[in-house]
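Undergrad: Have a look at this one before I ask anything.
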Amino acid sequence: MDGMRAIADRFEIESLRAELTDAVMMRDHDRAGSLFTPDAVVRWPHIGREFTGREQIRAGIEWGQGLWEFFVQNLHPGVVRLDGDTATGRAYVQEFGRMRDGASHRNHALYHDRYRRTPDGWRFSERVYEIRYLDSSPLAGSPPPAAPEA
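No gaps in the numbering here: position 42 of the sequence shown is 42 in full-length UniProt numbering, and each next residue is one more.
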């Protein structure tokens, strides 16, 4: 049974990571905040920001998203190490977009994660963002124009 539990745990953690990426991309800040434990911490060292607890994390994600004209995040699976009702892991990220001030941003980064099993399933207890490559040269493209209303 331990083997099946480990498979299920890994699947649930990977689903948690995908759920958060979807919530951020869809600007669903309430859903994003709900994916963290009540005492969770999110750290963005590249801009000197740290958010503690679901409400601060939710507000921090909303604040961060508000800086972008458009934003695309692609998450790639990384390692997960299980330890009973806790786990650690890394996820690999590629992002690009344009800030509202006109600056372009393209990067490759890592999330260093800690997870905890809760009655509601696995949740993030810590997430630390580490940029490994940054390119601020102007993006050649842009989002397509909005479709006309029918």
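Here a beta-carbon is modelled for each residue, glycine too, at the ideal position from N, C-alpha and C.
Does the region 75-91 come into contact with the region 55-64, if we say contact requires no fewer than three beta-carbon pairs (one atom in each stretch) closer than 8 Å?
TA: Flag = no, the region 75-91 and the region 55-64 do not touch.
Undergrad: Please say whether Arg98 and Leu134 have beta carbons closer to each other than 8 Å?
TA: Translated into positions along the sequence shown, residue 134 becomes position 134. Translated into positions along the sequence shown, residue 98 becomes position 98. No, the pair does not count as a contact, with Cβ atoms beyond the cut-off.
Undergrad: Which same chain residues end up closer than 7 Å to Thr52 when comparing Cβ atoms and leaving out the 5 residues on each side of it in sequence?
TA: Walking along the sequence shown from the start, residue 52 turns up at place 52. Only Val41 meet the Cβ criterion.
Undergrad: Considering just the uninterrupted stretch of the beta strand (DSSP E) at Met99, what are its terminal residues?
TA: By 1-based counting over the sequence shown, the position of residue 99 is 99. First-last of the beta strand (DSSP E) with Met99: Thr86 to Met99.
Undergrad: Who pairs with residue 191 in a beta bridge, going by DSSP?
TA: Shown here, the chain extends from 1 to 150; a query on residue 191 therefore has no answer.
Undergrad: Any idea if Arg127 is buried or exposed, counting beta-carbon neighbours within 10 angstroms, 16 or more meaning buried?
TA: On the sequence shown, position 127 is the one that residue 127 refers to. So Arg127 ends up on the buried side.
Undergrad: The beta strand (DSSP E) spanning Ala23 covers which residue range?
TA: Here residue 23 corresponds to residue number 23 of the sequence shown, with the count starting at 1. From DSSP, Ala23 is part of no beta strand (DSSP E) but of the alpha helix (DSSP H) over Asp2 to Met25.
Undergrad: Between Gly89, Ile13, Ser125 and Glu69, which has its C-alpha nearest His105's C-alpha?
TA: Indexing the sequence shown from 1 puts residue 105 at position 105. Looking at the Cα atoms, Glu69 is the closest of the given residues.
Undergrad: Check whether the region 43-50 touches the region 12-31, counting contact only when three or more Cβ pairs, one atom from each stretch, lie closer than 8 Å.
TA: Result no; under three Cβ-Cβ pairs closer than 8 Å.
Undergrad: According to DSSP, simplified to helix, strand and coil, what is Asp120?
TA: Locating residue 120 in the sequence shown gives position 120, counting from the first residue. Looking at Asp120 - three-state DSSP - the assignment turns out to be coil, as it is neither helix nor strand.
Undergrad: Would Met1 be called buried (16 or more neighbouring beta carbons within 10 Å of its own) or exposed?
TA: Reading the sequence shown from its first residue, position 1 is the one you call residue 1. Because Met1 carries a pLDDT of 48, less than 50, the predicted location of this residue cannot be relied on, and no value is offered for it.
Undergrad: Quick one: what's Ala109 bridged to in DSSP?
TA: By 1-based counting over the sequence shown, the position of residue 109 is 109. According to DSSP, which records beta bridges pairwise, Ala109 is partnered with Val93 and Ile131.
Undergrad: Mind listing, in chain order, the continuous beta strand (DSSP E) runs of no fewer than 3 residues lying wholly within the region 48-85?
TA: Those beta strand (DSSP E) runs which fall completely within the region 48-85 and span 3+ residues are 49-52, 68-76 and 80-83.
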